[in-house]
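Residue numbers (this note's numbering): -19 to 513. To start, the structure itself, in structure tokens.
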């Protein structure tokens, strides 16, 4: 009897939702809560929802949360806010002074909760906020609740927003397609609507057709499923390509500085990953400083971190070149061992200063969230990192090609003795070139702080991949680094679903080794000679 009553009161709420609301309607509906009877409270919930008053949702939510109170003596109903403020439910006016005496909570049970959920669903479909209506329609689509059909059909007749109207039509189709009492023509039309929507959720609905469904409907559903599967294969390929571009942008940032220190100078810098790590920790420090001294500029702390990270890691790079690397030119094995030892020292230094645990770097609001392009999910932080990596690449290319420093760097790389005889201070050019590569790695750390854990081991995750990108793209060639990073990123993401993340990387490494056997200088070989003794 109770389920039948619940359906009746819900239908009454839907029927009354389209009627104009008055204050008397709401006050009369609210008075039913003062009876403190489960049946009367359920009727009052439906009556409040049917009133169409803008406070209806607030009142019903207060009942759901146990914040709806009443006085038995004068049968008045009040709402208690989480802060403790009491307001009159009918007028919305706050109670001035002491709380009314004898306040009691309106009781609820499972029966009343069912009525509350049905009423709130109805109100959400008729809410003024379009985002709330859209979310309600998507919720109904996922739940496929048969009792929500009247609410959906009522909302469809009133909806003017095309996106929300489409979502309501899809929610109605999800309900009707499995409704044996619905006309077959309506169910066939619902199959078409679900096929047009596509995606895993639509296929899940189509696959739940009852065994006794008409054969024509089963055939149409099978065709729709095949169509959606073909479409999803295309979207999945696009999603993998997007993930590959996203991974490629990270590899590009991490490898760009290495393309300068290893590619141009011929230095195997095993501490390159630690420059990335120092850039990430610089981001953390800058964010803490901005939060403490300029709290109003917290949204822009990440922008302040970019030049700070470049300067900090660039100075570290110059110090490394002047203090260690310049004594080891032409001795690659010793350079490798020295920089590897330096990487261990830097990791331990960071552990001593910041501790071994991960540090939390906040994401600004303009980098948070995601949006959909069809069935393709694009996260804002990854999109910004792709754009950022391309901007940094353009700046590096501009510095090396169109500045006096870039001209001197290329001159020293191609013929050190001739450059020195023309007055170029080759030692300082080496230091500044190493500093530029290290500073670029620091900038990569700023970006990686938004998608990875900021820890002393951050750089170790990218050093091997960075070397693979540089060698594959062409040692010392920035454009080769671009092509190599995006190529390896996309290939990795297409291999992962079939081979797994670890085996996929192994296969990529083997492929690069075989490729280097045929083209030892990579995709785009840089003309010129490495730095000489």
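Here a beta-carbon is modelled for each residue, glycine too, at the ideal position from N, C-alpha and C.
Decide if residue 111 is buried, meaning its Cβ has at least 16 other Cβ atoms within 10 Å, or exposed.
For this step, residue 111 is matched to residue 131 along the chain shown. Classification of residue 111: exposed, given that the 10 Å Cβ count is below 16.
Based on Cα-Cα distance, which residue from 392, 412, 413, 411 lies nearest to residue 403?
Taking the first residue of the chain shown as 1, we reach residue 403 at position 423. When only C-alpha atoms are compared, the closest one is 392.
By alpha-carbon positions, which one of 157, 120, 164 ends up nearest to residue 147?
In the chain shown, the residue the question calls residue 147 occupies position 167. For residue 147, the nearest C-alpha among the options comes from 120.
What do you get for residue 436, buried or exposed, if any count of 16 or more other CB atoms within 10 angstroms of its CB means buried?
Working through the chain shown from its first residue, we reach residue 436 at position 456. Buried.
Under DSSP, the alpha helix (DSSP H) around residue 198 begins and ends at which residues?
As a first step, residue 198 is located in the chain shown; it is residue number 218 there, counting from the start. Segment 195 to 238, the alpha helix (DSSP H) holding residue 198.
Mapping DSSP to helix, strand and coil, what is residue 59?
Residue mapping note: residue 59 aligns to position 79 of the chain shown, counting from 1. If DSSP states are grouped into helix, strand and coil, residue 59 belongs with the strands.
Please work out which residues of its chain come closer than 8 Å, Cβ to Cβ, to residue 326, disregarding the five sequence neighbours upstream and downstream, and give them in chain order.
Translated into the one-based positions of the chain shown, residue 326 becomes position 346. Cβ neighbours of residue 326 beyond the five flanking positions: 251, 254, 257, 258.
Check for me: the alpha helix (DSSP H) holding residue 50 runs from which residue to which?
Working through the chain shown from its first residue, we reach residue 50 at position 70. Element bounds for residue 50: not the alpha helix (DSSP H) but the beta strand (DSSP E), 48 to 51.
Please return the same chain residues whose Cβ sits closer than 7 Å to the Cβ of residue 386, not counting the five positions on each side in sequence.
Sequence index remark: in the chain shown, residue 386 carries index 406 (1-based). Once the five neighbours on either side are set aside, the close Cβ partners of residue 386 are 379, 380.
Using the three-state DSSP reduction, which class does residue 489 fall into: helix, strand or coil?
One-based indexing of the chain shown puts residue 489 at position 509. Looking at residue 489 - three-state DSSP - the assignment turns out to be helix.
Secondary structure at residue 74, three-state DSSP: helix, strand or coil?
Against the chain shown, residue 74 aligns to sequence position 94. Here residue 74 sits in strand by DSSP.
Would residue 347 and residue 364 qualify as a contact pair, given that the criterion is a beta-carbon distance under 9 Å?
Position 367 of the chain shown, counted from the first residue, corresponds to residue 347. Position 384 of the chain shown, counted from the first residue, corresponds to residue 364. Yes, the pair counts as a contact, with Cβ atoms nearer than the cut-off.
Keeping to the same chain, check which residues put their C-beta closer than 7 Å to that of residue 198; ignore five residues upstream and five downstream.
Mapped onto the chain shown, residue 198 falls at position 218. Counting only Cβ-Cβ distances below 7 Å, and skipping sequence neighbours, we find 189.
Am I right that residue 318 and residue 329 are in contact with their C-beta atoms under 8 Å? What's the rounded C-beta distance?
Taking the first residue of the chain shown as position 1, residue 318 is located at position 338. Taking the first residue of the chain shown as position 1, residue 329 is located at position 349. Actually they are not in contact, since the Cβ atoms of residue 318 and residue 329 sit about 16 Å apart, beyond 8 Å.
In this structure, does DSSP put residue 186 in helix, strand or coil?
Indexing the chain shown from 1 puts residue 186 at position 206. Residue 186: helix per DSSP, three-state reduction.
Give the straight-line distance between the Cα atoms of residue 108 and residue 139, rounded to the nearest whole angstrom.
Looking up residue 108 in the chain shown gives position 128. Looking up residue 139 in the chain shown gives position 159. The straight-line gap from Cα to Cα measures roughly 11 Å.
Whole-angstrom Cβ separation of residue 60 and residue 49, contact assumed at under 8 Å?
In the chain shown, counting from the first residue as 1, residue 60 sits at position 80. In the chain shown, counting from the first residue as 1, residue 49 sits at position 69. With 8 Å as the limit, residue 60 and residue 49 qualify as a contact, their Cβ atoms being about 6 Å apart.
Once the 5 residues before and after residue 183 are set aside, which same chain residues still bring their CB inside 6 Å of it?
What you label residue 183 is simply residue 203 of the chain shown in a count that begins at 1. The residues are 205, 208.
If I measure Cβ to Cβ from residue 113 and keep anything under 8 Å in the same chain, skipping five residues before and after, which residues do I get?
Within the chain shown, the letter at position 133 stands for residue 113. If we look at residue 113 and ignore the five residues flanking it on each side, its Cβ neighbours are 104, 105, 106, 107, 135, 139, 141, 144.
May I ask you to report which of helix, strand or coil DSSP gives residue 358?
Locating residue 358 in the chain shown gives position 378, counting from the first residue. If DSSP states are grouped into helix, strand and coil, residue 358 belongs with the strands.
Can you grab the Cα-Cα spacing for the pair residue 511 / residue 413, in whole Å?
As a working mapping, residue 511 is identified with position 531 in the chain shown. As a working mapping, residue 413 is identified with position 433 in the chain shown. Bear in mind that a pLDDT of 38 at residue 511, under 50, signals an unreliable position, so the model cannot answer this.
Take every Cβ of the region 460 to 475, pair it with every Cβ of the region 230 to 238, and state whether three or more of those distances are shorter than 8 Å.
Yes, the region 460 to 475 touches the region 230 to 238.
Which ranges does the beta strand (DSSP E) cover as unbroken runs of at least 3 residues, wholly within the region 329 to 405, from first to last along the chain?
Fully enclosed beta strand (DSSP E) runs of 3 or longer: 350 to 353, 356 to 359.
Rounded to whole angstroms, what is the Cα-Cα separation between residue 432 and residue 234?
The sequence position of residue 432 within the chain shown is 452, counting from 1. The sequence position of residue 234 within the chain shown is 254, counting from 1. Whole-angstrom Cα-Cα distance: 13 Å.
Distance, Cα to Cα, residue 340 vs residue 368?
Taking the chain shown and counting its residues from 1, the one referred to as residue 340 is at position 360. Taking the chain shown and counting its residues from 1, the one referred to as residue 368 is at position 388. If I take the Cα positions, the gap works out to 21 Å.
Could you tell me which whole alpha helix (DSSP H) segments of length 4 or greater appear in the region -1 to 43?
Those alpha helix (DSSP H) runs which fall completely within the region -1 to 43 and span 4+ residues are 3 to 11, 18 to 31.
Under the DSSP definition of a beta bridge, which residues are partnered with residue 85?
Translated into the one-based positions of the chain shown, residue 85 becomes position 105. Answer is 49.
State the Cα-Cα distance for the pair residue 311 and residue 223, rounded to the nearest angstrom.
In the chain shown, counting from the first residue as 1, residue 311 sits at position 331. In the chain shown, counting from the first residue as 1, residue 223 sits at position 243. Straight-line Cα distance between these residues: approximately 39 Å.
Is the beta carbon of residue 366 sitting closer than 9 Å to the one on residue 225?
Taking the first residue of the chain shown as position 1, residue 366 is located at position 386. Taking the first residue of the chain shown as position 1, residue 225 is located at position 245. The answer is yes: Cβ separation under 9 Å.
Any heavy atom of the ligand HEM within a distance shorter than 8 Å of the CB on residue 321?
By its list of ligands, the structure shown contains no ligand whatsoever, and the ligand HEM lies outside what it can speak to.
Assuming the contact rule is C-beta atoms closer than 8 Å, residue 288 and residue 434 should be a hit. Round their C-beta distance to whole Å, please.
Looking up residue 288 in the chain shown gives position 308. Looking up residue 434 in the chain shown gives position 454. Not a contact, Cβ separation roughly 15 Å.
Roughly how many angstroms lie between the CA atoms of residue 123 and residue 131, to the nearest whole one?
Stepping through the chain shown from its first residue, residue 123 is reached at position 143. Stepping through the chain shown from its first residue, residue 131 is reached at position 151. Looking at the two C-alpha atoms, the distance is approximately 14 Å.
Leaving out five residues before and five after residue 517 in sequence, what residues of the same chain have Cβ atoms less than 8 Å from its Cβ?
Residue 517 is absent from the structure shown; the chain starts at -19 and stops at 513.
In chain order, what residues of the same chain lie with their CB nearer than 7 Å to the CB of residue 305, ignoring the 5 residues before and after it?
As a working mapping, residue 305 is identified with position 325 in the chain shown. So the qualifying residues of the chain are 247, 315, 414.
With burial defined as no fewer than 16 other Cβ atoms inside 10 Å of the residue's Cβ, what is the status of residue -10: buried or exposed?
To locate residue -10, count along the chain shown from 1; it is residue 10. With a pLDDT of 45 at residue -10, under the threshold of 50, the modelled position of this residue cannot be trusted, and the question is left open.
Using only the alpha-carbon positions, how far apart do residue 262 and residue 400 sit?
Along the chain shown, one-based indexing puts residue 262 at 282. Along the chain shown, one-based indexing puts residue 400 at 420. Rounded to the nearest angstrom, the two C-alpha atoms are 36 Å apart.
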